[in-house]
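The sequence shown begins at 1 in the UniProt record's numbering and counts up by one.
Glycine residues also receive a C-beta, built at the ideal position from the N, C-alpha and C atoms.
Computed from a predicted model, the values in this text were never measured in an experiment.
The structure appears below as structure tokens.
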Amino acid sequence: MLTGKQKRYLRSLAHNTDPTFQIGKGGINENMISQIDETLEKRELIKIHVLQNNFDDKNELANELSHATKSELVQVIGSMIVLYKESQENKDIVLP
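Rendered as structure tokens:
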């Protein structure tokens, strides 16, 4: 579980990052979850953009994704979801 200080640090890192994935009207599927999981292993911190044509609750989407990928939900702001998962082999981010 991340502390408030760690979440603030991760939000600052994510600020200048472009979204890696987009969730459209199709929502989330198994293929997307496995791709997000692989990307989290490589990058540790990713942003996901929820498109306007997706009418699902963004917080529910974020919780579903973080649960499915066993990652930490850093932030949901506007249409952006930020996820963090400590990498097993490519550990770059050192949390405060």
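Whole-angstrom distance between S12 and T69, CA atom to CA atom: As a first step, residue 69 must be located in the sequence shown, where it is residue number 69. As a first step, residue 12 must be located in the sequence shown, where it is residue number 12. Looking at the backbone, the Cα of T69 and that of S12 are separated by about 22 Å.
Where does E86 fall in DSSP's three states? The residue you call residue 86 lines up with position 86 of the sequence shown. E86: coil per DSSP, three-state reduction.
Alpha helix (DSSP H) segments (min. 4 residues) lying fully within the UniProt domain "CRM" (1-96): Qualifying alpha helix (DSSP H) stretches, in chain order: 4-14, 30-43 and 58-69.
Considering only C-alpha positions, which residue in the set Y9, D37 and F21 is nearest to I81? Counting from one through the sequence shown, the residue named residue 81 turns up at place 81. The residue with the shortest Cα to Cα distance from I81 is F21.
Short of 8 Å in beta carbon distance, which residues of its chain neighbour K58, apart from the five on each side in sequence? Order them along the chain. Taking the sequence shown and counting its residues from 1, the one referred to as residue 58 is at position 58. Cβ within range, chain order: V50, V76, S79 and I81.
Using 10 angstroms around the beta-carbon of E44, count the other beta-carbons present and answer buried if the total reaches 16, otherwise exposed. As a first step, residue 44 must be located in the sequence shown, where it is residue number 44. That one is buried.
Quick check: the Cα distance between N63 and P96, rounded to an integer number of angstroms? Here residue 63 refers to the residue found at position 63 of the sequence shown. Here residue 96 refers to the residue found at position 96 of the sequence shown. About 24 Å.
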